[in-house]
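Peer 1:
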Amino acid sequence: MDQMAYADRRRLRRKLTFWRIAAFVLVVAIGFALYRFAAGDQQGTVRPHVARVEISGMITDNTELLERLDRIASNDQVKAVIISITSPGGTTYGGERIFKAIRAISEKKPVVSDIRTLAASAGYMVASAGDMIIAGESSITGSIGVIFQYPQVEELMKKLGVSLEAIKSTPLKAEPSPFHPASEEAKTMIRSMIMDSYDWFVDLVAERRGLSREETLKLADGSIFTGRQALKVKLIDQLGGEKEIRNWLDTKGVSKNLPVLDWKKKDEGSLLPFPLAISYFARLLGIDTDLSPEAMRQWGGDKLFLDGLVSVWQVGSDR
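The numbers in the sequence shown follow the working numbering, run straight up by one, and end at 320.
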């Protein structure tokens, strides 16, 4: 092969490599734009809609949920919010933070609390943040109260022949302890703390439900209620489901034609299809690259795939 032909071939190869890279960058840009658009639409950022947020399981100080509720509050495309609850309760503080986040939303748009199977204790605390509470006839709710529990392992330690000695600055330090029965002073301290949180919870329910404190105290003995019973004592506003929710929102100027979109926690694996698609297109262009999840983890990409007092109803212990 003469020098001229060799030089022409090198120039051709450089041009081909350039256009392959250019095409790859273009595919990446288009794919990323489409991915962002689809993800944005799924989270309801591109069209008017009613947002639905599911709160299930034990209620905790959930930073991701709070951030999601904050995004909903500031999203102008969200015209109303449905808070769908199935929870036995959880930490009092966790319920308090979610309650306040939902109230912040209600300052800007209508909020309906949809009690499904169960919304008890801190679950009911969260439900009471809604402008309207709807429940099924057989839904379970109530259990207004606060509980503090700790284990006792003293007898087990004795059987194992293990003892624990402690030197404390004051008698109430680190009390109550699982290693010995609580003193009367420790019980008094804990009860005072529980009752302070309980009073706050009772006042919150009284204010949100338009009840007197005396009326609320009669309901706040740890009792649970079916949806039918809760309606009679004014803990909820209406029995029903999706139809009743949309009817009420319609009275608030929220069209029944608006779609209901679920604002879910972002799936840890939601990014997987995008790099796989890019890797496929790259191979079609003759570019040898691996953007599989396994390869990205080798690059340190694991992070890309990461996603006190309690108010909880317990069978056999509802206070």
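By construction, the Cβ of each residue, glycine as well, lies at the ideal position given by its N, Cα and C atoms.
I'd like to check one pair, Ile83 with Ile103: are the Cβ atoms closer than 9 angstroms?
Peer 2: Not closer than 9 angstroms, so no.
Peer 1: For Pro152, count neighbouring Cβ atoms within 10 angstroms of its own Cβ and tell me buried if that reaches 16, exposed if not.
Peer 2: Pro152 should be labelled exposed.
Peer 1: Would the stretch 156–165 and the stretch 92–112 be scored as touching if the rule is three or more Cβ pairs under 8 angstroms?
Peer 2: Cβ pair count under 8 angstroms is below three, so no.
Peer 1: For Ala123, which of Ser88, Ile225, Leu165 has the nearest alpha-carbon?
Peer 2: Nearest C-alpha to Ala123: Ser88.
Peer 1: Compute the distance between the beta-carbons of Val147 and Ile60, then report whether it is under 9 angstroms.
Peer 2: It is not a contact, given that the beta carbons lie outside the stated cut-off.
Peer 1: Considering Cα atoms alone, identify which of Pro49, Ala120, Leu70, Val154 is closest to Ser224.
Peer 2: For the residues Pro49, Ala120, Leu70, Val154, the minimum Cα distance to Ser224 belongs to Ala120.
Peer 1: Could you tell me whether any Cβ in chain C is nearer than 9 angstroms to the Cβ of Pro179?
Peer 2: The chain labelled as chain C is not found in the depicted structure, where only one protein chain is given.
Peer 1: Please give me, in chain order, every unbroken run of the alpha helix (DSSP H) with length at least 4 that falls completely inside the stretch 242–271.
Peer 2: Fully enclosed alpha helix (DSSP H) runs of 4 or longer: 243–252.
Peer 1: Tell me, please, whether the stretch 68–81 touches the stretch 241–256 by the rule of three or more beta-carbon pairs shorter than 8 angstroms.
Peer 2: Touching, per the Cβ criterion.
Peer 1: Between which residues of its own chain and Ile99 is the CB-CB distance below 6 angstroms, once the five residues before and five after are set aside?
Peer 2: Taken in chain order, the residues that qualify are Val127.
Peer 1: Where does Phe226 sit, in a helix, a strand or coil, going by DSSP?
Peer 2: In the structure shown, Phe226 sits in a strand (DSSP, three-state: E or B).
Peer 1: Grab me the residues of Gln43's own chain with a C-beta within less than 6 angstroms of its C-beta, minus the 5 sequence neighbours each way, in chain order.
Peer 2: For Gln43, the predicted structure reports a pLDDT of 47, less than 50, and the residue's modelled location is therefore unreliable. The matter cannot be settled from this model.
Peer 1: Our contact map puts Pro177 next to Ala187 with C-beta atoms below 8 angstroms; I'd like the distance itself, whole angstroms only.
Peer 2: Pro177 to Ala187, Cβ: 5 angstroms. Contact.
Peer 1: Alpha carbon to alpha carbon, how far is Ser107 from Ser114?
Peer 2: Roughly 11 angstroms separates the two Cα atoms.
Peer 1: Closest by CA to Gly137, which one among Val112, Lys266, Gly241, Arg12?
Peer 2: It is Gly241 whose Cα lies nearest to the Cα of Gly137.
Peer 1: Which of the three DSSP states is assigned to Glu176 in this structure?
Peer 2: Glu176: coil per DSSP, three-state reduction.
Peer 1: Taking the CB atoms as reference points, tell me whether Phe226 and Thr142 lie closer together than 9 angstroms.
Peer 2: Yes, the pair counts as a contact, with Cβ atoms nearer than the cut-off.
Peer 1: I'd like to confirm the pairing. Which residues does DSSP put opposite Gln153 in its beta bridges?
Peer 2: Gln153 is not bridged to any residue.
Peer 1: Tell me which residues share the same chain as Met190 and place their Cβ nearer than 8 angstroms to its Cβ, disregarding the 5 neighbours each side in the sequence.
Peer 2: So the list reads Leu173, Glu176, once near-sequence residues are dropped.
Peer 1: Could you pull the start and end residues of the alpha helix (DSSP H) that Ile60 belongs to?
Peer 2: Here Ile60 belongs to no alpha helix (DSSP H), and DSSP marks it neither H nor E.
Peer 1: Rounded to a whole number of angstroms, what is the C-alpha to C-alpha distance between Ser144 and Asp222?
Peer 2: So the alpha carbons of these two residues sit roughly 7 angstroms apart.
Peer 1: Which residues mark the beginning and the end of the alpha helix (DSSP H) in which Val206 is found?
Peer 2: Per DSSP, Val206 belongs to the alpha helix (DSSP H) from 185–210.
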